[in-house]
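Below is one structure, written out as structure tokens; comments come after it.
Residue numbers (UniProt numbering): 1 to 519.
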């Protein structure tokens with residue numbers, strides 16, 4: 001069941017100021033689509049700048065897959081307004097194209113129509129594109145067009161000082177990292193609440209299944225919508241970002257050094273399957289290497305410990321150098337009810353939940369319990385709205401109704417909300433009240449609200465209706481924080497920076513790969 005957090009909550013209620021200064025950042029992905037709901041085949045618009053070096057607007061896997069990145073901020077409204085400005089500017093600079101409002105992709109008739117993201121001729125740019133070539137050859141390009149929202153979160157140093165007695169971030173990096181791993185273990189145990197509430201991909205376009213083997217028992221409508229009646233987030237299922245070759249890596253989340261050790265082993269562990277692809281054929285590179293992970297970022301995880309890297313530094317080396325700086329939540333579907341794919345209600349819920357995860361006891365987790373947690377997630381992802389759904393507790397020796405466990409969790413979250421609201425009214429408590437009702441009535445969840453529309457209109461029809469609506473709204477709205485001059489300055493700076501990188505390369509790409517590709 002839910003761990004007893006009463007003592008920790010009492011401590012928090014007695015020390016509410018330790019939560020002042022929570023920092024956040026958002027990354028939102030979205031496909032560019034044509035007026036008829038097909039994947040755009042055009043290049044990344046020049047008016048948006050160079051995707052390799054732009055601070056705010058880049059691309060993910062595909063040339064048509066935009067990614068918006070907000071700066072780190074401790075003000076929720078400012079973060080949301082900044083993200084809206086990025087969408088407003090982009091909407092005004094798309095030539096007869098729109099931004100897709102769903103996690104699962106639009107109509108894609110052929111995988112070969114998906115162009116990998118292009119980052120220019122510099123070694124670092126070619127490396128990024130080659131990494132994506134490897135993803136395409138390993139898992140298929142279609143899977144990589146699935147979009148999501150990543151939420152970056154860090155607790156203020158004052159929290160760790162009061163909670164753990166550390167002096168500062170540098171001398172306390174081991175203890176702070178342990179604190180974040182406690183959060184991560186609780187996230188694995190109880191984070192299924194996120195796809196339950198906010199999963200918004202209970203259905204997919206039938207074009208996504210062309211030629212794909214699946215054991216899922218889909219129902220299909222006349223409009224080509226394939227769905228599972230109780231699903232919440234097919235994006236998080238085996239159709240999406242899973243990597244079966246990673247299942248035996250035994251990467252655990254008990255402390256920083258064992259985590260990094262497991263990650264480093266994975267990027268040097270040979271894969272028979274990926275070796276069969278080869279690294280190079282007829283003079284063309286097919287992947288960075290033939291290991292289970294080409295680079296560390298290929299590790300699939302619904303949450304990641306992070307630290308900003310220095311130039312030439314790997315993510316794991318950055319963690320060893322400075323400890324965990326923040327965590328990245330990766331299990332949010334695109335919110336179809338928001339023009340920017342996420343809203344303040346979700347942000348406030350994640351604050352509440354992640355603070356709770358940092359406070360609650362979290363015994364070390366072995367692989368058996370981690371597997372049990374993943375099975376809970378899978379249950380919620382595929383049938384989360386099923387009446388009387390049971391989830392496993394601990395190592396699976398006991399089962400409880402999802403509704404009961406969720407209600408116990410919300411009872412604790414309400415106390416966290418009261419603390420956060422001591423300085424800002426009742427916004428967090430309102431979020432708790434609104435979302436708790438979804439446990440009583442699953443039809444109020446995101447997936448419950450979109451499924452009937454997806455079935456009636458088809459994925460393309462539903463997605464186009466929303467993308468047209470949001471496009472019209474965005475181009476009419478004034479900027480909140482940025483302006484055209486800010487965007488022009490950043491666009492020109494990104495183009496200049498990419499050009500300089502290309503001119504400054506002194507190493508051959510072959511040598512660059514030997515140095516950076518783990519070969």
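Backbone N, C-alpha and C fix where the C-beta goes; we use that ideal spot for every residue, glycine too.
My output table needs one value for residue i: the three-state DSSP class, helix, strand or coil.
i: residue 52; result: coil
i: residue 5; result: coil
i: residue 428; result: helix
i: residue 401; result: strand
i: residue 519; result: Its pLDDT being 46, under 50, residue 519 is placed unreliably in this model, and the coordinates cannot settle the point.
i: residue 251; result: coil
i: residue 307; result: coil
i: residue 222; result: coil
i: residue 196; result: helix
i: residue 289; result: coil
i: residue 107; result: strand
Can you tell me whether residue i is buried or exposed, with buried defined as 16 or more other CB within 10 angstroms of its CB?
i: residue 519; result: Bear in mind that the predicted position of residue 519 carries a pLDDT of just 46, short of 50, making it too unreliable to give a figure here.
i: residue 144; result: buried
i: residue 413; result: buried
i: residue 202; result: buried
i: residue 212; result: exposed
i: residue 440; result: exposed
i: residue 85; result: buried
i: residue 1; result: exposed
i: residue 481; result: exposed
i: residue 186; result: buried
i: residue 136; result: buried
Using CA atoms only, rank isn't needed, just tell me which of the options is closest to residue i.
i: residue 292; options: 305, 304, 275; result: 275
i: residue 305; options: 331, 373, 180, 277; result: 180
i: residue 472; options: 507, 386, 135, 90; result: 90
i: residue 271; options: 288, 146, 462, 47; result: 288
i: residue 322; options: 170, 3, 141; result: 170
i: residue 343; options: 400, 26, 9; result: 26
i: residue 197; options: 218, 402, 104, 98; result: 402
i: residue 210; options: 199, 225, 478; result: 225
i: residue 205; options: 165, 117, 248, 109; result: 109
i: residue 94; options: 475, 499, 514, 500; result: 475
For the alpha helix (DSSP H) that contains residue i, what are its first and last residues?
i: residue 499; result: 484-504
i: residue 176; result: 173-190
i: residue 448; result: 446-476
i: residue 79; result: 76-92
i: residue 169; result: First-last for residue 169: undefined, no H or E at that position.
i: residue 374; result: 367-383
i: residue 345; result: 344-359
i: residue 318; result: 315-322
Over the uninterrupted beta strand (DSSP E) stretch that includes residue i, give me the two end residues.
i: residue 390; result: 390-393
i: residue 32; result: 23-33
i: residue 328; result: 326-332
i: residue 154; result: 149-154
i: residue 67; result: 65-69
i: residue 266; result: Counting along the chain, residue 266 falls outside any beta strand (DSSP E), though it belongs to the alpha helix (DSSP H) covering 256-266.
i: residue 58; result: 57-59
I'd like to know if the region 439-455 and the region 29-40 are in contact, where contact means that at least 3 CB-CB pairs between them fall below 8 Å. Verdict: no, contact absent.
Can you confirm whether the region 9-28 touches the region 410-425 when touching is taken to mean that 3 or more C-beta pairs between the two stretches lie within less than 8 Å? The region 410-425 and the region 9-28 touch, with no fewer than 3 CB-CB distances between them shorter than 8 Å.
Report yes or no: do the region 350-359 and the region 148-155 share at least 3 C-beta pairs separated by less than 8 Å? These segments touch.
I want to know whether the region 486-501 touches the region 46-53 - three or more CB-CB distances under 8 Å. These segments touch.
Are the region 4-11 and the region 359-367 touching, with three or more C-beta to C-beta distances below 8 Å? The region 4-11 is in contact with the region 359-367.
Touch check for the region 332-341 and the region 89-108: three-plus C-beta pairs under 8 Å? They touch, by the three-pair rule.
Would you say the region 65-84 touches the region 494-510, given that touching needs at least three Cβ pairs under 8 Å? Judged by Cβ distances under 8 Å, the region 65-84 makes no contact with the region 494-510, as fewer than three pairs qualify.
Does the pairing of the region 366-379 with the region 110-120 give three or more beta-carbon distances under 8 Å? Contact between the region 366-379 and the region 110-120 is absent, with fewer than three C-beta pairs closer than 8 Å.
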